[in-house]
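For reference, the structure discussed in these notes is given below.
Numbering (my numbering), first residue to last: 318 to 785.
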């Protein structure tokens with residue numbers, strides 16, 4: 318970009334973490350021009366958000382990257398507890414949830430370091446013709462009735478129809494808008510999280526050390542030589558982040574020697590807290606991901622909720638920008654995602670405090686939008702707002718039919734007449750017999766995999782589509 322140039326784009330995305338990248342991928346496949354800027358010189362280098370939940374795997378399937386995610390990840394290992402240098406027993410942290418035709422990714426979350434998830438999303442974005450401008454931050458912005466005007470630190474002025482803040486828990490955009498974030502400190506103790514290499518430690522388990530000096534957990538990361546290390550410190554004590562400091566922590570709290578830690582690849586410290594932005598939208602500016610909600614890492618909800626923010630917002634922005642839906646469709650982003658984020662924040666906090674076990678609730682397959690203004694009707698086994706289950710079709714599977722930017726109308730065990738529908742916007746599939754997760758009826762599936770409209774006949778279907 319030339320200094321002091323003016324760049325026109327449809328969406329300016331601030332931040333190239335999982336949220337910003339997922340949104341950019343979704344917009345790119347819908348033909349929306351998006352500019353993604355990231356103040357860092359490259360992708361985030363650490364493993365921080367390492368658990369991908371089943372519902373997010375469904376999202377990544379639709380975005381075209383689930384095969385790479387599964388190939389680069391692995392199932393969460395069982396925890397091995399240690400005390401006094403002796404193994405004390407094993408535990409399955411996540412419980413057992415069986416996969417089914419309707420929930421093909423159910424089971425344990427996939428463990429994959431955050432840096433690898435971001436690499437995969439960036440590669441997909443580039444495949445679709447997009448990219449990220451690294452080493453460039455948002456400097457200032459204003460908005461009017463038709464666009465957002467932003468200046469970047471490289472001197473560029475950007476004129477965009479919409480701006481999406483995906484710039485993390487310390488969001489500069491949220492701060493500039495003076496949007497409060499309400500929350501609490503989940504735990505007064507500081508935490509150290511680091512990526513390390515410890516060749517002397519086996520990679521078969523997620524090792525948990527119980528020692529007088531404090532809690533220490535070391536989890537092997539799939540397909541690399543790295544472990545993610547997490548250590549808790551007494552209230553008021555901030556951990557040091559150097560290799561020598563990490564070595565001391567390992568030696569004090571486990572049977573391992575300091576020199577067993579051969580490399581420190583990345584380290585950070587934080588104090589577990591929650592936060593929920595009072596609103597997710599200010600005019601033409603939207604908050605997504607950690608900019609809108611901050612979670613305790615317990616339960617693995619933060620990154621997953623963030624990617625699903627992007628997935629909810631992407632198709633709505635695209636339809637409004639292309640003139641196929643009224644601008645009021647964008648009002649449903651906050652209305653749908655903020656209650657969901659609040660629910661996931663409560664879940665994360667309960668898991669952190671030991672008040673709730675990880676399991677079906679943390680998989681996010683039960684999330685829905687029944688109370689949304691975009692949810693109309695019911696049929697068979699489903700209400701509008703429910704997640705659309707997978708299952709067999711005459712050719713392929715339901716998830717195959719859903720994949721892409723379109724709506725999908727499933728006519729299950731019914732020959733009900735349909736109104737004229739745009740074949741590019743709405744793909745129609747009929748199944749001759751009933752399918753238990755659906756029952757019988759007509760089901761219009763939104764581009765983000767939720768039932769938007771349902772009925773025993775097509776009454777109201779055409780009117781519904783004019784709203785979205």
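Here a beta-carbon is modelled for each residue, glycine too, at the ideal position from N, C-alpha and C.
- Task: With DSSP as the reference, label residue 724 as helix, strand or coil.
- Result: As a position in the chain shown, residue 724 is number 407, starting the count at 1. Three-state result, residue 724: strand.
- Message: Whole angstroms are fine: how far does the CA of residue 550 sit from the CA of residue 318?
- Response: Walking along the chain shown from the start, residue 318 turns up at place 1. Walking along the chain shown from the start, residue 550 turns up at place 233. Only weak support is given to the placement of residue 318: the predicted model assigns it a pLDDT of 39, under 50, and the question is left unresolved by the model.
- Message: For residue 768 and residue 532, I'd like the C-alpha separation in whole angstroms.
- Response: As a working note, residue 768 is residue 451 in the chain shown. As a working note, residue 532 is residue 215 in the chain shown. In a straight line, the C-alpha of residue 768 is about 44 Å away from that of residue 532.
- Run of the alpha helix (DSSP H) containing residue 579, from where it starts to where it stops: Along the chain shown, read from residue 1 onward, the residue named residue 579 stands at position 262. From DSSP, residue 579 is part of no alpha helix (DSSP H); its letter is neither H nor E.
- Query: Which residues in the same chain have their Cβ closer than 7 Å to the Cβ of residue 433, if we skip the five residues on either side of it in sequence?
  - Reply: Counting from 1 along the chain shown, the entry for residue 433 is found at position 116. If we look at residue 433 and ignore the five residues flanking it on each side, its Cβ neighbours are 389.
- Looking only at C-alpha atoms, which of 777, 741, 701 and 776 sits nearest to residue 755? The residue given as residue 755 occupies position 438 in the chain shown. The shortest Cα separation from residue 755 among 777, 741, 701 and 776 belongs to 701.
- Hey, residue 523 and residue 394: beta-carbon distance below 9 Å or not? Residue mapping note: residue 523 aligns to position 206 of the chain shown, counting from 1. Residue mapping note: residue 394 aligns to position 77 of the chain shown, counting from 1. It is a contact, given that the beta carbons lie within the stated cut-off.
- Message: So if DSSP puts residue 599 in a beta bridge, which residue, or which two residues, is it bridged to?
- Response: Taking the chain shown and counting its residues from 1, one reaches residue 599 at position 282. Bridge partners of residue 599: 602.
- Query: Can you name the start and end residues of the beta strand (DSSP E) that residue 626 belongs to?
  - Reply: If you number the chain shown from 1, residue 626 lands on position 309. Careful: residue 626 lies outside any beta strand (DSSP E), inside the alpha helix (DSSP H) at 619 to 638.
- Item | residue 555, buried or exposed, once every other Cβ within 10 Å from all chains shown has been counted against 16 | Numbered from its first residue, the chain shown carries residue 555 at position 238. It is exposed - the Cβ of residue 555 has fewer than 16 other Cβ atoms within 10 Å.
- Item | Burial state of residue 606 (16 or more Cβ within 10 Å) | Position 289 of the chain shown, counted from the start, is the residue given in the question as residue 606. With 16 or more Cβ atoms within 10 Å of its Cβ, residue 606 is classed as buried.
- Message: Following a CB-centred definition, is residue 586 positioned closer than 8 Å to any heavy atom of the ligand ZN?
- Response: Looking for the ligand ZN in the displayed structure turns up nothing, as the structure carries no ligands at all.
- Message: Could you pull the DSSP bridge partners for residue 408 from this structure?
- Response: Residue numbering aside, residue 408 sits at position 91 when the chain shown is read from its first letter. Answer is 396, bridged to residue 408.
- According to the Cβ coordinates, are residue 477 and residue 467 closer than 9 Å? By 1-based counting over the chain shown, the position of residue 477 is 160. By 1-based counting over the chain shown, the position of residue 467 is 150. Result yes, Cβ atoms of residue 477 and residue 467 sit closer than 9 Å.
- Whole angstroms is fine: what's the gap from residue 527's alpha carbon to residue 356's? Walking along the chain shown from the start, residue 527 turns up at place 210. Walking along the chain shown from the start, residue 356 turns up at place 39. If you take the alpha carbons of residue 527 and residue 356, they lie about 39 Å apart.
- Message: Using CA atoms only, rank isn't needed, just tell me which of 600, 586 and 452 is closest to residue 507.
- Response: By one-based count along the chain shown, residue 507 stands at place 190. The shortest C-alpha separation from residue 507 is found at 586.
- Which first and last residues belong to the beta strand (DSSP E) in which residue 591 is found? Along the chain shown, read from residue 1 onward, the residue named residue 591 stands at position 274. Element bounds for residue 591: 590 to 594.
- Task: Return the bridge partner residues of residue 468 from the DSSP annotation.
- Result: The residue given as residue 468 occupies position 151 in the chain shown. Note: residue 468 sits in a beta bridge opposite 457 and 474.
- Message: With three or more beta-carbon pairs closer than 8 Å as the criterion, would you say the stretch 651 to 667 touches the stretch 372 to 388?
- Response: no
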